[in-house]
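K.L.:
Going letter by letter, the sequence shown gives residues -34 to -1, 1 to 241 in mature numbering (1 follows the signal peptide of the UniProt record, and there is no 0).
Don't be surprised by glycine CBs; every beta carbon is placed ideally from N, CA and C.
Below is a structure I'd like to ask you about.
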Amino acid sequence: MNPTTRRAAARPRYILFAVLVLACVLCTPPAASADTVQITPANERRLQELVAERNRLAAQNPAQLSAGISALFLHVPYGADTLVGSASVPEQLVVELTRVDCFTYADYVEALKRSSDRAGFLAQLTQIRYRGGDISFTQRRHFFTDWAADAPVNAADVTTRLGAPTEQVTKMLNLKDAGDSYLPGLPPRSRTVFYLPSPRVSDGVIANLRDGDYLGAYATASGLDVTHVGIFLHTPSGPVLRNASSLRANNQVVDTPLREYLDTVPGIVVLRPIR
(Lines of atoms letter the chains of each structure in order from A and count residues from 1; the text may use other names and numbers.)
(Lines give C-alpha, C1' and ligand atoms only; values in the text may rest on other atoms or scores of the structure.)
Protein backbone atom coordinates (compact mmCIF):
# COMPACT_ATOMS: atom_id res chain seq x y z
CA MET A 1 0.00 0.00 0.00
CA ASN A 2 1.51 3.37 -1.03
CA PRO A 3 1.42 6.41 1.34
CA THR A 4 -1.52 7.99 -0.54
CA THR A 5 -3.56 4.82 -0.15
CA ARG A 6 -2.69 4.59 3.56
CA ARG A 7 -3.81 8.19 4.11
CA ALA A 8 -7.06 7.51 2.27
CA ALA A 9 -7.66 4.35 4.29
CA ALA A 10 -6.96 6.15 7.55
CA ARG A 11 -9.36 9.02 6.79
CA PRO A 12 -12.58 7.09 7.64
CA ARG A 13 -11.05 6.02 10.95
CA TYR A 14 -10.16 9.62 11.74
CA ILE A 15 -13.66 10.78 10.83
CA LEU A 16 -15.22 8.05 12.99
CA PHE A 17 -12.97 9.02 15.90
CA ALA A 18 -13.94 12.68 15.52
CA VAL A 19 -17.63 11.79 15.45
CA LEU A 20 -17.27 9.69 18.62
CA VAL A 21 -15.45 12.50 20.41
CA LEU A 22 -18.15 14.98 19.37
CA ALA A 23 -20.86 12.61 20.61
CA CYS A 24 -19.16 12.31 23.98
CA VAL A 25 -18.90 16.08 24.26
CA LEU A 26 -22.55 16.58 23.36
CA CYS A 27 -23.69 13.94 25.88
CA THR A 28 -21.63 15.38 28.76
CA PRO A 29 -23.52 17.97 30.83
CA PRO A 30 -21.72 21.33 30.84
CA ALA A 31 -20.03 22.30 34.09
CA ALA A 32 -21.50 25.20 36.03
CA SER A 33 -19.24 28.25 36.09
CA ALA A 34 -17.72 29.16 39.44
CA ASP A 35 -19.56 32.49 39.62
CA THR A 36 -22.97 30.79 39.44
CA VAL A 37 -22.29 28.18 42.18
CA GLN A 38 -23.11 29.00 45.79
CA ILE A 39 -21.62 26.50 48.23
CA THR A 40 -20.22 27.17 51.70
CA PRO A 41 -17.10 25.49 53.13
CA ALA A 42 -19.32 23.34 55.36
CA ASN A 43 -21.29 22.20 52.33
CA GLU A 44 -18.07 21.57 50.38
CA ARG A 45 -16.96 19.20 53.13
CA ARG A 46 -20.36 17.53 53.26
CA LEU A 47 -20.39 17.11 49.48
CA GLN A 48 -17.02 15.35 49.58
CA GLU A 49 -18.33 13.03 52.31
CA LEU A 50 -21.49 12.25 50.36
CA VAL A 51 -19.58 11.58 47.13
CA ALA A 52 -17.27 9.19 48.97
CA GLU A 53 -20.25 7.38 50.51
CA ARG A 54 -22.00 7.29 47.14
CA ASN A 55 -18.96 5.69 45.50
CA ARG A 56 -19.00 2.92 48.08
CA LEU A 57 -22.55 2.17 46.88
CA ALA A 58 -21.70 2.33 43.17
CA ALA A 59 -21.70 -1.42 42.55
CA GLN A 60 -25.34 -1.78 43.63
CA ASN A 61 -28.37 -1.66 41.34
CA PRO A 62 -30.33 1.61 40.84
CA ALA A 63 -32.95 0.73 43.48
CA GLN A 64 -30.31 -0.01 46.09
CA LEU A 65 -28.43 3.12 45.06
CA SER A 66 -31.56 5.23 45.63
CA ALA A 67 -32.11 3.62 49.02
CA GLY A 68 -28.49 4.03 50.05
CA ILE A 69 -28.03 7.62 48.92
CA SER A 70 -31.36 8.83 50.28
CA ALA A 71 -30.51 7.22 53.64
CA LEU A 72 -27.43 9.45 53.88
CA PHE A 73 -29.83 12.35 54.41
CA LEU A 74 -31.96 10.77 57.15
CA HIS A 75 -32.33 13.23 60.07
CA VAL A 76 -30.91 16.13 58.05
CA PRO A 77 -32.92 19.20 59.20
CA TYR A 78 -35.72 20.58 57.06
CA GLY A 79 -34.89 23.93 55.49
CA ALA A 80 -37.11 25.97 53.20
CA ASP A 81 -36.18 28.72 50.74
CA THR A 82 -32.53 27.77 50.30
CA LEU A 83 -32.39 28.48 46.56
CA VAL A 84 -31.31 31.89 45.25
CA GLY A 85 -33.02 33.51 42.29
CA SER A 86 -36.18 35.34 41.30
CA ALA A 87 -37.50 37.60 38.58
CA SER A 88 -35.27 40.35 40.03
CA VAL A 89 -32.42 38.38 41.66
CA PRO A 90 -29.85 36.53 39.50
CA GLU A 91 -30.13 32.75 39.79
CA GLN A 92 -27.34 30.78 41.43
CA LEU A 93 -26.71 27.04 41.58
CA VAL A 94 -27.13 26.54 45.31
CA VAL A 95 -25.69 23.48 47.01
CA GLU A 96 -27.16 23.31 50.52
CA LEU A 97 -26.73 19.83 51.94
CA THR A 98 -27.01 20.60 55.66
CA ARG A 99 -30.73 21.37 55.39
CA VAL A 100 -33.17 20.45 52.64
CA ASP A 101 -36.78 20.81 51.62
CA CYS A 102 -38.71 18.06 49.88
CA PHE A 103 -37.73 19.15 46.38
CA THR A 104 -34.06 20.05 46.96
CA TYR A 105 -33.72 16.69 48.69
CA ALA A 106 -34.89 14.98 45.50
CA ASP A 107 -32.48 17.15 43.46
CA TYR A 108 -29.47 16.15 45.55
CA VAL A 109 -30.32 12.44 45.72
CA GLU A 110 -30.81 12.26 41.96
CA ALA A 111 -27.60 14.21 41.24
CA LEU A 112 -25.56 11.97 43.55
CA LYS A 113 -26.98 8.88 41.86
CA ARG A 114 -25.59 10.10 38.53
CA SER A 115 -22.14 11.31 39.56
CA SER A 116 -18.94 10.10 41.17
CA ASP A 117 -17.09 13.36 41.90
CA ARG A 118 -17.69 17.03 42.68
CA ALA A 119 -17.60 18.24 39.08
CA GLY A 120 -20.00 15.53 37.99
CA PHE A 121 -22.36 16.34 40.84
CA LEU A 122 -22.51 20.02 39.91
CA ALA A 123 -23.04 19.20 36.23
CA GLN A 124 -25.80 16.71 36.99
CA LEU A 125 -27.47 19.02 39.52
CA THR A 126 -27.56 21.71 36.85
CA GLN A 127 -29.29 19.38 34.40
CA ILE A 128 -31.72 18.09 37.01
CA ARG A 129 -32.73 21.45 38.45
CA TYR A 130 -32.83 23.48 35.21
CA ARG A 131 -34.34 22.94 31.77
CA GLY A 132 -31.53 22.50 29.28
CA GLY A 133 -29.00 23.11 32.05
CA ASP A 134 -29.71 26.86 31.86
CA ILE A 135 -29.13 28.28 35.36
CA SER A 136 -31.88 30.90 35.42
CA PHE A 137 -35.05 31.54 37.38
CA THR A 138 -37.33 31.06 34.39
CA GLN A 139 -35.68 27.74 33.45
CA ARG A 140 -35.68 26.27 36.95
CA ARG A 141 -37.98 23.26 37.34
CA HIS A 142 -40.27 24.82 39.91
CA PHE A 143 -42.96 22.13 39.62
CA PHE A 144 -42.66 18.41 40.27
CA THR A 145 -44.10 17.39 36.90
CA ASP A 146 -41.46 19.54 35.17
CA TRP A 147 -39.18 16.57 35.77
CA ALA A 148 -41.12 14.53 33.22
CA ALA A 149 -42.29 17.34 30.93
CA ASP A 150 -39.15 19.27 30.07
CA ALA A 151 -35.91 18.18 28.40
CA PRO A 152 -33.65 16.77 29.52
CA VAL A 153 -36.24 14.67 31.36
CA ASN A 154 -35.30 13.42 34.82
CA ALA A 155 -38.11 10.89 35.12
CA ALA A 156 -41.09 9.31 33.39
CA ASP A 157 -44.63 9.83 34.64
CA VAL A 158 -45.86 6.30 35.43
CA THR A 159 -48.99 7.30 37.37
CA THR A 160 -51.29 5.74 34.78
CA ARG A 161 -49.29 2.50 34.62
CA LEU A 162 -49.69 1.25 38.18
CA GLY A 163 -52.81 -0.86 37.76
CA ALA A 164 -55.56 1.45 39.01
CA PRO A 165 -57.78 4.08 37.33
CA THR A 166 -56.47 7.63 37.56
CA GLU A 167 -57.99 11.09 37.42
CA GLN A 168 -56.99 13.70 34.85
CA VAL A 169 -56.99 17.45 35.49
CA THR A 170 -55.74 20.27 33.25
CA LYS A 171 -54.08 22.97 35.32
CA MET A 172 -52.54 26.35 34.65
CA LEU A 173 -49.44 25.97 36.77
CA ASN A 174 -48.36 29.03 38.77
CA LEU A 175 -51.73 30.77 38.35
CA LYS A 176 -53.78 31.24 41.52
CA ASP A 177 -57.57 31.23 41.44
CA ALA A 178 -57.50 34.95 42.28
CA GLY A 179 -55.49 35.62 39.12
CA ASP A 180 -52.08 36.39 40.61
CA SER A 181 -49.03 34.10 40.55
CA TYR A 182 -47.43 31.86 43.13
CA LEU A 183 -44.06 32.83 41.65
CA PRO A 184 -44.06 36.41 40.30
CA GLY A 185 -42.22 36.74 37.01
CA LEU A 186 -42.77 33.13 35.98
CA PRO A 187 -45.30 32.73 33.14
CA PRO A 188 -48.17 30.28 33.80
CA ARG A 189 -48.00 26.95 31.94
CA SER A 190 -50.87 24.68 30.98
CA ARG A 191 -50.37 21.04 31.94
CA THR A 192 -52.52 17.94 32.18
CA VAL A 193 -51.85 16.20 35.48
CA PHE A 194 -52.75 12.57 36.10
CA TYR A 195 -53.10 11.48 39.70
CA LEU A 196 -54.08 8.34 41.55
CA PRO A 197 -56.61 9.02 44.35
CA SER A 198 -55.36 7.69 47.67
CA PRO A 199 -58.27 5.24 48.20
CA ARG A 200 -57.25 3.52 44.95
CA VAL A 201 -53.68 2.87 46.07
CA SER A 202 -54.15 -0.85 46.69
CA ASP A 203 -51.58 -3.43 47.69
CA GLY A 204 -51.37 -4.26 43.98
CA VAL A 205 -50.50 -0.67 43.14
CA ILE A 206 -47.85 -0.59 45.85
CA ALA A 207 -46.40 -3.81 44.44
CA ASN A 208 -45.98 -2.00 41.11
CA LEU A 209 -44.01 0.84 42.70
CA ARG A 210 -40.24 0.59 42.54
CA ASP A 211 -37.70 1.64 45.12
CA GLY A 212 -36.54 5.11 44.13
CA ASP A 213 -39.83 6.21 42.55
CA TYR A 214 -40.68 9.82 43.37
CA LEU A 215 -44.16 10.35 44.79
CA GLY A 216 -45.85 13.75 44.75
CA ALA A 217 -48.89 14.59 46.89
CA TYR A 218 -51.54 15.77 44.44
CA ALA A 219 -52.58 19.41 44.94
CA THR A 220 -56.24 20.37 44.69
CA ALA A 221 -55.27 24.01 44.03
CA SER A 222 -55.60 24.78 40.33
CA GLY A 223 -52.16 26.40 39.99
CA LEU A 224 -50.12 23.63 41.62
CA ASP A 225 -49.41 20.03 40.64
CA VAL A 226 -48.28 18.67 44.02
CA THR A 227 -47.74 19.98 47.53
CA HIS A 228 -45.02 17.59 48.69
CA VAL A 229 -42.51 15.12 47.26
CA GLY A 230 -40.79 12.04 48.65
CA ILE A 231 -39.00 8.85 47.66
CA PHE A 232 -40.79 5.51 47.76
CA LEU A 233 -38.93 2.61 49.37
CA HIS A 234 -39.64 -0.89 50.61
CA THR A 235 -38.17 -1.37 54.09
CA PRO A 236 -38.25 -4.20 56.64
CA SER A 237 -41.00 -2.20 58.39
CA GLY A 238 -43.05 -1.92 55.22
CA PRO A 239 -43.38 0.62 52.38
CA VAL A 240 -42.39 4.17 53.30
CA LEU A 241 -42.16 7.65 51.86
CA ARG A 242 -38.68 8.96 52.64
CA ASN A 243 -39.14 12.71 52.70
CA ALA A 244 -37.98 16.04 54.07
CA SER A 245 -40.90 16.72 56.39
CA SER A 246 -41.78 20.23 57.56
CA LEU A 247 -44.22 18.90 60.17
CA ARG A 248 -43.40 20.21 63.63
CA ALA A 249 -43.14 16.66 64.95
CA ASN A 250 -40.44 15.88 62.38
CA ASN A 251 -38.75 18.93 60.83
CA GLN A 252 -36.16 16.67 59.20
CA VAL A 253 -35.76 13.87 56.67
CA VAL A 254 -37.77 10.89 57.90
CA ASP A 255 -39.37 7.64 56.76
CA THR A 256 -43.15 8.01 56.89
CA PRO A 257 -45.20 4.79 56.59
CA LEU A 258 -46.80 5.01 53.16
CA ARG A 259 -50.30 4.05 54.28
CA GLU A 260 -50.15 6.62 57.04
CA TYR A 261 -49.09 9.28 54.56
CA LEU A 262 -51.75 8.38 51.99
CA ASP A 263 -54.43 8.98 54.62
CA THR A 264 -53.40 12.66 54.68
CA VAL A 265 -53.36 13.47 50.94
CA PRO A 266 -55.97 13.34 48.15
CA GLY A 267 -53.78 11.29 45.83
CA ILE A 268 -50.35 10.79 44.33
CA VAL A 269 -48.41 11.55 41.15
CA VAL A 270 -45.65 9.01 40.50
CA LEU A 271 -42.47 9.78 38.56
CA ARG A 272 -39.90 7.07 37.85
CA PRO A 273 -36.28 8.20 37.39
CA ILE A 274 -34.81 7.39 34.01
CA ARG A 275 -31.55 6.25 35.63
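Can you give the Cα-Cα distance for VAL206 and PHE198, rounded to whole angstroms?
P.N.:
Distance between the alpha carbons of VAL206 and PHE198 is about 6 Å.
K.L.:
Any chance you could list the alpha helix (DSSP H) runs of at least 4 consecutive residues sitting entirely within the stretch 9 to 74, in chain order?
P.N.:
Taking only runs of at least 4 residues, the alpha helix (DSSP H) segments lying wholly in the stretch 9 to 74 are 28 to 37.
K.L.:
Taking the straight line between their C-alpha atoms, what separation do you get for LEU38 and LEU16?
P.N.:
The straight-line gap from Cα to Cα measures roughly 7 Å.
K.L.:
Measure the alpha-carbon distance for PHE120 versus LYS79 and round it to whole angstroms.
P.N.:
First, the amino acid is wrong: residue 120 is Asn here, not Phe. Each residue's Cα considered, the two are about 12 Å apart.
K.L.:
Excluding the 5 residues preceding and the 5 following SER102 in the sequence, name in chain order all residues of the same chain whose CB lies nearer than 6 Å to its CB.
P.N.:
Excluding residues within five positions, the ones whose Cβ falls inside 6 Å are GLU57.
K.L.:
Between which two residues does the beta strand (DSSP E) harbouring LEU181 extend?
P.N.:
Per DSSP, LEU181 belongs to the beta strand (DSSP E) from 180 to 184.
K.L.:
Assign PRO239 to buried or exposed, taking buried as 16 or more other Cβ atoms, counted over all protein chains shown, within 10 Å of its Cβ.
P.N.:
PRO239 is buried by the Cβ-count criterion.
K.L.:
So what does DSSP say about ALA(-12), is it helix, strand or coil?
P.N.:
Note that ALA(-12) scores a pLDDT of 41, beneath 50, so its modelled location is shaky and nothing firm can be said.
K.L.:
Work out the CA separation of SER54 and LEU149 for me, nearest whole Å.
P.N.:
Between LEU149 and SER54, the C-alpha separation is close to 12 Å.
K.L.:
Around the C-beta of ALA173, are 16 or more other C-beta atoms found within 10 angstroms, so that it is buried, or is it exposed?
P.N.:
Exposed, by the Cβ-count rule.
K.L.:
What are the partner residues of HIS194, as DSSP defines its beta bridges?
P.N.:
DSSP, once it has assigned bridges, lists no residue as partnering HIS194.
K.L.:
Only counting the same chain, and skipping five residues up and downstream in sequence, which positions put a Cβ closer than 6 Å to that of VAL171?
P.N.:
LEU128, GLY129 and ALA130, listed in sequence order.
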